[in-house]
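S.K.: Numbering (my numbering), first residue to last: 5 to 133.
Quick one: this structure, given as structure tokens, is what I'll be asking you about.
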């Protein structure tokens, strides 16, 4: 790998831009360490998942710019972005990444609110009087 590879990950309203370069395994999100940025352990595991699946946790440095959405959406968007960047590094990673389900974009998002309703599906309480 001559220079850094980049990719985009999306989930819900969150968008992450990921840069992957040879290094020692340092992961930064918005110029903070990922363990500081994602304080919950299961979100940290989401970010590490593609690197663990390919046994390359200590081979690459990852720089992530995350915007929009919430913490969970950003963590899952980062997971997709890292997976896509690893594919650009080597196509040999594809079976391992596909097995853990990293290469699929999760299409679920918030349903829009309808008029005449309190929320997307929740209606106002009906009263006979």
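Even for Gly, the Cβ is constructed at its ideal location relative to N, Cα and C.
Could you give the C-beta distance for residue 9 and residue 92, rounded to a whole number, given that I count them as a contact under 8 Å?
M.R.: As a first step, residue 9 is located in the chain shown; it is residue number 5 there, counting from the start. As a first step, residue 92 is located in the chain shown; it is residue number 88 there, counting from the start. With a Cβ gap of about 4 Å, residue 9 and residue 92 count as contacting.
S.K.: Measure the C-alpha to C-alpha separation of residue 70 and residue 133 and round it to an integer number of angstroms.
M.R.: Residue 70 sits at position 66 when you count from the first residue of the chain shown. Residue 133 sits at position 129 when you count from the first residue of the chain shown. Distance between the alpha carbons of residue 70 and residue 133: 51 Å.
S.K.: Taking contact to mean at least 3 C-beta pairs separated by less than 8 Å, is the segment 20 to 30 in contact with the segment 58 to 78?
M.R.: Counting Cβ pairs under 8 Å, three or more are found: they touch.
S.K.: Starting from residue 85, follow the alpha helix (DSSP H) in both directions and report where the run begins and ends.
M.R.: Translated into the one-based positions of the chain shown, residue 85 becomes position 81. Its alpha helix (DSSP H) spans residues 75 to 93.
S.K.: Determine contact between the segment 116 to 129 and the segment 98 to 106, defined as no fewer than three beta-carbon pairs at a distance below 8 Å.
M.R.: Because the criterion of three Cβ pairs below 8 Å is not met, the segment 116 to 129 and the segment 98 to 106 do not touch.
S.K.: In this structure, what does DSSP give as the bridge partners for residue 67?
M.R.: Walking along the chain shown from the start, residue 67 turns up at place 63. According to DSSP, residue 67 bridges with 23, 32.
S.K.: Can we say the segment 49 to 56 touches the segment 10 to 26, given the rule of at least three CB pairs closer than 8 Å?
M.R.: No, because fewer than three Cβ pairs between the segment 49 to 56 and the segment 10 to 26 fall closer than 8 Å, the two stretches do not touch.
S.K.: Rounded to whole angstroms, how far is the Cβ of residue 21 from the Cβ of residue 85, which I believe are closer than 8 Å?
M.R.: As a working mapping, residue 21 is identified with position 17 in the chain shown. As a working mapping, residue 85 is identified with position 81 in the chain shown. At roughly 7 Å, the Cβ-Cβ gap stays under 8 Å, so residue 21 and residue 85 are in contact.
S.K.: Return yes when the Cβ of residue 90 is within less than 8 Å of the Cβ of residue 24, no when it is not.
M.R.: Sequence index remark: in the chain shown, residue 24 carries index 20 (1-based). Sequence index remark: in the chain shown, residue 90 carries index 86 (1-based). Yes, they are a contact pair.
S.K.: Roughly how far, in whole angstroms, is the beta-carbon of residue 135 from the beta-carbon of residue 33, given that I think they are within contact range, below 8 Å?
M.R.: This structure cannot speak to residue 135, because the chain is shown only from 5 to 133.
S.K.: Taking residue 42 as the reference, which of 67, 78, 65, 64 has the closest Cα?
M.R.: Numbered from its first residue, the chain shown carries residue 42 at position 38. Out of 67, 78, 65, 64, 78 has the C-alpha closest to the C-alpha of residue 42.
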